[in-house]
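Colleague: Structure in structure tokens, see below.
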């Protein structure tokens with residue numbers, strides 16, 4: 385993506401042209417007293433919904449879940465909550481030690 389720098393006064397004079405350039409994918413940096421103050425950039429549209437890609441991802445997640453169940457047995461929601469709490473407590477302890485200078 386190319387970029388152009390232009391002064392504010394000139395940008396006001398040529399705004400329509402600058403917007404057209406942004407629509408074509410160019411970035412336009414606007415300066416005031418040689419200092420960047422704004423940028424015109426193209427608006428990116430959301431990518432189209434890809435049903436096949438989503439279905440492949442879901443299928444892969446289901447495969448991974450089945451593999452984990454076979455290897456480790458079923459996991460309960462209580463176990464998941466417990467792991468989250470343990471991790472949160474551990475991170476809290478690390479932050480506290482770092483903030484207070486404790487080893």
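In the numbering used here, the protein residues as written are 385 to 487.
Cβ atoms here follow ideal geometry from the backbone N, Cα and C, with glycine treated the same way.
For the stretch 386-406 and the stretch 414-432, state whether three or more C-beta atom pairs, one from each stretch, are separated by less than 8 Å.
Modeller: yes
Colleague: Closer than 8 Å by C-beta to residue 452: which residues in its own chain qualify, once you throw out the five before and the five after it? Chain order, please.
Modeller: Looking up residue 452 in the chain shown gives position 68. Same-chain partners within the cutoff: 459.
Colleague: Where do the N-terminal and C-terminal ends of the beta strand (DSSP E) with residue 422 fall, by residue?
Modeller: Here the question's residue 422 lines up with position 38 in the chain shown. Element bounds for residue 422: 419-424.
Colleague: Give, in chain order, every unbroken run of the alpha helix (DSSP H) that is at least 4 residues long and sits entirely within the stretch 410-469.
Modeller: 435-456
Colleague: Hey, quick one: how far does the beta strand (DSSP E) through residue 387 stretch, first residue to last?
Modeller: Counting from one through the chain shown, the residue named residue 387 turns up at place 3. 387-391 is the extent of the beta strand (DSSP E) around residue 387.
Colleague: Please list, in chain order, all residues of the same chain as residue 485 whose beta carbon is under 6 Å from its beta carbon, the five residues on each side excluded.
Modeller: Looking up residue 485 in the chain shown gives position 101. Hits under 6 Å: none found.
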